[in-house]
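If you use the UniProt record's numbering, the sequence shown corresponds to residues 1 to 108, in order. One structure is given below, encoded as structure tokens.
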Amino acid sequence: MKVMLMMWSDGSYAGGGSAEDYAAWADYGASLRDDGIFVASGQFAEAGGGVSITTDPSTPDGPAGTTPARAGLVGYYLLDCSSHDEAVRAARRAPLYGSVEVRELAKY
């Protein structure tokens, strides 16, 4: 099953991390590769730096991150796990500066 781990910042990581932070994330990515579940990952340029487009004509398009619930999305991991439990275990190992949302991708 393909799952997306969405990394949400609590703001404590603003401005970038230390060498130890980057090493922790590199180790985490390596552990996912070693487990054979890593597919892809990415980090957004800055929290809240995107643009939100809406299909609701009464809501103007504008900067993403204007609401607290969206302001902290900073990156993702795409994994191919054997079960939901394996995905949750992988998410729990992430170096956290906020939270990780685990979502299964729909099968079409």
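For each residue, glycine too, the CB sits at the ideal point set by N, CA and C.
- Between V100 and R89, the CB-CB gap reaches or exceeds 9 Å.
- Annotation: L96 is outside any beta strand (DSSP E) and is labelled neither H nor E by DSSP.
- Boundaries for S41: no alpha helix (DSSP H) harbours it, while the beta strand (DSSP E) harbouring it runs F38 to Q43, taken from the DSSP string.
- Rounded to whole angstroms, the gap between the alpha carbons of G98 and I53 is 25 Å.
- Beta-bridge analysis with DSSP links R33 to no other residue.
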